[in-house]
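Numbering (UniProt numbering), first residue to last: 1 to 296.
Read the structure below first, then the notes.
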């Protein structure tokens, strides 16, 4: 029995630990966001509040599911195979978090180049279809009622993971593409662009690996909860990556200011007969409007 528990509810116990850590990181970022960016539009603030509420609720439901199985039904081994309603409901919240985050990144791509609106629109559509697959997987999980029957939901589960992976790839490519063509001859702008590209790549790699592992572990490790480790944490990854993109704007503006070109021209040195020195100094500051655009 112990050999089975460490691959199932043992994985859940470890997941709760990492989930709590990531939620704490996310809540810290939420606090910093509302302190640093009080002038942001209410649409962005509402998005932050929505994804925060979803992840707090998901964490609460996940803990409640674990409590129901381990504490409320302690010693009842038959109960170990029954899926608590909290465990199924929290899956829907994870899929909603994924949709909110991917929609936000699509909006960022749209802001960078509004003429190519079809690209971010395509990402939103794919993400919405992925959400639909997630809803289907949630409904199927309610119907089967037993953990041992989870493989029967593989079609919906893998469809959701595959579409989420596709969206993450498109978001990463779209951000890097639009930012790379924003480079100019101005060093300060390029410093900001390069920084945001690195941030976008790091975000994309993390969420892409998570989606890929979800599929791989679900298919290769049946009868275990290894896939749930990455699936449940994926919501926290999306939350933190979205907030990191929002909060790095402050650092991006700092980079812009540090790399501004301020050439100083010594106009002329005139030495009159009284041996005094007249120095004419001209300051020239180079700036670029695209910097604000590149800093998202």
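No residue lacks a Cβ here, since even glycine has one placed at the ideal position from N, Cα and C.
- The DSSP assignment places no complete run of the beta strand (DSSP E) inside the stretch 113-174 (cut-off: 3 residues).
- Between the alpha carbons of residue 38 and residue 31 lies a distance of about 11 angstroms.
- Residue 15 is positioned such that its CB atom lies no closer than 9 angstroms to that of residue 89.
- Put simply, the stretch 72-90 does not touch the stretch 112-122. Fewer than three CB pairs are less than 8 angstroms apart.
- Sequence-distant Cβ neighbours of residue 22 in its own chain, meaning closer than 6 angstroms and more than five residues away, are 236.
- In this chain, residue 37 is not harboured by any alpha helix (DSSP H), its DSSP state being neither H nor E.
- The distance from the Cβ of residue 64 to that of residue 19 is about 13 angstroms, inconsistent with a contact at the 8 angstroms cut-off.
- Per the DSSP secondary-structure output, residue 82 pairs in a beta bridge with 146.
- Secondary structure of residue 60 (DSSP, three-state): helix.
- Taking C-beta separations shorter than 7 angstroms and ignoring five residues to either side along the sequence, the partners of residue 68 in its chain run 84, 86, following chain order.
- At the C-beta level, residue 109 and residue 175 come within 9 angstroms of one another.
- Setting aside the 5 residues that flank it on each side, residue 57 is surrounded in the same chain by 93, each with a C-beta closer than 7 angstroms to its C-beta; the list follows chain order.
- Setting aside the 5 residues that flank it on each side, residue 217 is surrounded in the same chain by 226, 227, each with a C-beta closer than 6 angstroms to its C-beta; the list follows chain order.
- Residue 220 counts as exposed, since fewer than 16 other beta carbons sit within 10 angstroms of its beta carbon.
- For residue 162, same chain residues with a beta-carbon under 7 angstroms away, outside a window of 5 residues either side, are 215 in chain order.
- Assigned with DSSP and collapsed to three states, residue 235 falls in helix.
- Put simply, the backbone Cα of residue 44 is about 37 angstroms away from that of residue 9.
- Selection 249, 166, 111 evaluated against residue 129 yields 166 as nearest (Cα-Cα).
- In the structure shown, residue 229 adopts helical secondary structure according to DSSP, grouped into three states.
- In terms of Cα proximity to residue 48, the closest of 97, 197, 76, 179 is 97.
- DSSP, reduced to helix, strand and coil, places residue 72 within a helical segment of the structure shown.
- Contact between residue 211 and residue 164 holds, with the beta-carbon distance rounding to 5 angstroms and staying under 8 angstroms.
- DSSP places residue 45 within a helical segment (H, G or I) once states are collapsed to three.
- Between the alpha carbons of residue 41 and residue 100 lies a gap of roughly 17 angstroms.
- The Cβ atoms of residue 248 and residue 204 lie no closer than 9 angstroms to each other.
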